[in-house]
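Read through the structure below, which is laid out as structure tokens, and then see the notes.
There are 2 protein chains.
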Amino acid sequence: MSNYSSDDIGNYASVFSALSNPHRLQIYTLLSGCCTPGSRCDIDAVTSCCVGDLGNELDIAASTLSHHLKELSHAGLINMQRQGKQIICSVNPDMLNAIRQFFHTNTEITDEPETSR
Amino acid sequence: MSNYSSDDIGNYASVFSALSNPHRLQIYTLLSGCCTPGSRCDIDAVTSCCVGDLGNELDIAASTLSHHLKELSHAGLINMQRQGKQIICSVNPDMLNAIRQFFHTNTEITDEPETSR
DNA sequence: GCTATAATTCGACATATTTCGAAATATAGA
DNA sequence: TCTATATTTCGAAATATGTCGAATTATAGC
């Protein structure tokens, strides 16, 4: 897990920063338990992926939720795409893989995380 | 990665919070590239594990370093134990395993290889 | 074009975090 | 016991974060 450039350290730090808020971490776990990118959950599934549905689980103002989603998105942890009136959120699998590799010392790192900020 | 209690979410959020600062993340990666708990690095190794040695790598005030180490320790990420005048730091392997587990449970990733049995 | 719904942006405020230097504590050795 | 070294605690200041409500933007359907 050693041998990271200071840029890498900074990028991973912002990834963990995005996951450091309980509401954001909950959003991320909800999404990861739900759809894969490009798909949407079935109507009957426990959780769904549009912003409004996430809001129903969280008991925070819509503006706060929006702010949190932007943080997760900027960190590269989730993808967001409009579909009609709604915006569908999903876990970014590349970043999840990068995180997994980060925590495995003996693994060569192939994908560096790229935060969009 | 779903199905965590709100307590769990809170605990993991504070773990990620501890890793969200670049200095702290650097400390953690330095330690993880170094000793296992109970042992100390060889004198000639690039990095060592006592507080002062970490300080040499970081260019921050000793009091700031101390504060960061306390955060990492409180989060359960590292162990600290006095040995004479020095305090030796090491990665807590249980927490590292818990983190690894966190990012693997219950999460299907589309481009993950599937074993044929 | 108008209206309803979904989500974001903005501005403000309270709280938390990061950092430092100075002072305090702990330990080993003379 | 006195001194030097290692580390922590304390208090203060600057900056960042989390949150809300109000206003705004985007879209679909009538």
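Protein chains in written order, with our numbering: chain E, 1 to 117; chain X, 118 to 234. Built from N, CA and C at the ideal position, the CB exists for glycine as well. These numbers were taken from a predicted model, which means no experiment stands behind them.
- The beta carbons of Ala130 (chain X) and Leu31 (chain E) sit about 15 Å from each other, so the pair does not count as a contact at 8 Å.
- In this model, Lys70 (chain E) and Lys202 (chain X) are separated by some 47 Å (Cα to Cα).
- Note that the C-beta distance between Ala179 (chain X) and Ala135 (chain X) is not below 8 Å.
- Counting only Cβ-Cβ distances below 7 Å, Leu213 (chain X) has contacts in chain E at Phe103, in chain order.
- About 14 Å separates the Cβ atoms of Asn79 (chain E) and Asn97 (chain E), ruling out a contact at the 8 Å cut-off.
- Annotated as distal: Cys166 (chain X) and Ile216 (chain X), with beta-carbon spacing of 8 Å or more.
- Residue pairing by DSSP places Cys166 (chain X) opposite no residue, since no beta bridge is assigned to it.
- The shortest C-alpha to C-alpha distance from Pro22 (chain E) to any of X:Ser122, X:Leu182, X:Pro139 and X:Gly150 is the one to X:Ser122.
- For Asn97 (chain E), the enclosing alpha helix (DSSP H) starts and ends at Pro93 to Phe102.
- Residues of the same chain with a CB within less than 8 Å of the CB of Leu175 (chain X), apart from the 5 flanking positions on each side, are His140, Gln143, Ile144 and Leu182 in chain order.
- Beta-bridge annotation (DSSP): Ser90 (chain E) is paired with E:Asn79.
- In the three-state reduction of the DSSP assignment, Gly172 (chain X) falls in the helix class, which pools H, G and I.
- For Tyr121 (chain X), the secondary structure class from DSSP, reduced to helix, strand or coil, is coil.
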